[in-house]
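Novice: Numbering (full-length UniProt numbering), first residue to last: 1 to 219. This structure is in structure tokens; I'll ask about it shortly.
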């Protein structure tokens with residue numbers, strides 16, 4: 001049975017976030033004038049994360065956090081191959097850890113970036129709201145810990161995708177592209193009509209407004 005698993009707002013969030021993270025890494029490594037775009041992409045990721053936080057509460061069924069927060073028993077059952085269909089339709093128990101780890105790492109990276117100061121040309125909009133010592137500590141995390149941690153998590157995420165596609169023969173990328181997936185049993189579909197999409201647009205507009213406000217604090 002084929003049902004809508006990933007609503008359009010979730011799919012747009014996913015691909016926009018992936019493109020933004022790539023852009024953030026490239027601009028960080030390039031430095032110089034590219035840092036202007038690094039900051040812009042950082043604000044975009046902040047808006048995307050705020051949107052996802054809200055959408056995890058009011059979005060389509062399989063996009064809600066409640067559908068992919070698993071306890072130890074669920075994880076063990078999944079590893080033993082006995083997970084119910086509801087635990088594999090959206091994010092499976094192992095995949096959920098990857099999702100939350102990436103979101104938390106990105107949240108930490110964006111937050112520390114807002115307070116970072118390279119002491120040369122660029123400083124986050126909140127850098128002068130804290131002491132110089134704290135700003136430097138957050139800058140150190142952003143560059144030395146946060147960046148390689150985020151890259152490592154992305155690589156692990158991609159390796160896991162490759163494993164599921166190549167070894168377990170599970171199509172995980174296609175459903176995130178067109179939204180639909182073949183599932184076993186009678187499972188609920190995610191809301192993805194005009195009403196849900198207008199709601200998502202309003203939520204993202206609010207998230208974007210917050211990110212824009214944060215970007216202007218230091219100006």
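Note that beta-carbon positions come from the ideal geometry of N, C-alpha and C, so glycine has one too.
Would the segment 139–151 count as touching the segment 99–118 if we require 3 or more Cβ pairs under 8 Å?
Specialist: Yes, they touch.
Novice: Which whole runs of the alpha helix (DSSP H) in the segment 158–185 are 4 residues long or more, in chain order?
Specialist: DSSP runs (the alpha helix (DSSP H)) wholly in the segment 158–185: 173–178.
Novice: Excluding the 5 residues preceding and the 5 following residue 34 in the sequence, name in chain order all residues of the same chain whose CB lies nearer than 7 Å to its CB.
Specialist: Around residue 34: 27.
Novice: Taking DSSP's pairing of strands, which residues face residue 34 in a bridge?
Specialist: Bridge partners of residue 34: none, in fact.
Novice: Just how far apart, CA to CA, sit residue 130 and residue 123?
Specialist: Cα to Cα, the separation comes out at about 12 Å.
Novice: CB-CB under 8 Å to residue 160, same chain, minus the five flanking residues each way: which ones, in chain order?
Specialist: If we look at residue 160 and ignore the five residues flanking it on each side, its Cβ neighbours are 94, 95, 98.
Novice: Roughly how far, in whole angstroms, is the beta-carbon of residue 20 from the beta-carbon of residue 48, given that I think they are within contact range, below 8 Å?
Specialist: Residue 20 to residue 48, Cβ: 7 Å. Contact.
Novice: Would the segment 200–216 and the segment 46–65 be scored as touching if the rule is three or more Cβ pairs under 8 Å?
Specialist: Yes, since at least three Cβ pairs between the segment 200–216 and the segment 46–65 fall closer than 8 Å, the two stretches touch.
Novice: From this set, 51, 52, 53, 24, which residue's C-alpha is nearest residue 39's C-alpha?
Specialist: It is 24 whose Cα lies nearest to the Cα of residue 39.
Novice: Looking at residue 190: is its Cβ nearer than 7 Å to the Cβ of residue 43?
Specialist: Going by C-beta atoms, residue 190 is not nearer than 7 Å to residue 43.
Novice: Is it buried or exposed for residue 175, if we count other Cβ within 10 angstroms and need 16 for buried?
Specialist: That one is buried.
Novice: Run the CB neighbour count on residue 186, radius 10 Å, all protein chains shown included, and call it buried at 16 or more, exposed below.
Specialist: It is exposed - the Cβ of residue 186 has fewer than 16 other Cβ atoms within 10 Å.
Novice: Should residue 91 be flagged as near chain D, meaning a C-beta pair shorter than 7 Å?
Specialist: The structure shown has no chain D; it contains just one protein chain.
Novice: Within the same chain, show all residues whose beta-carbon is closer than 7 Å to that of residue 51, passing over the 5 residues directly before and after it, in chain order.
Specialist: Contacts found: 13, 203, 204, 207.
Novice: For a minimum of 3 consecutive residues, which ranges assigned as the beta strand (DSSP E) are wholly contained in the segment 108–152?
Specialist: You should have found no qualifying run.
Novice: In the structure shown, what three-state DSSP assignment does residue 22 receive?
Specialist: Helix.
Novice: Does DSSP put residue 4 in a helix, in a strand, or in coil?
Specialist: Three-state result, residue 4: strand.
Novice: Considering only residues of the same chain and omitting the five flanking positions on each side of residue 103, which have a CB-CB separation below 8 Å?
Specialist: Once the five neighbours on either side are set aside, the close Cβ partners of residue 103 are 49, 52.
Novice: Would you tell me roughly how many angstroms separate the C-alpha atoms of residue 2 and residue 120, rounded to the nearest one?
Specialist: Taking the straight line joining both Cα atoms gives about 55 Å.
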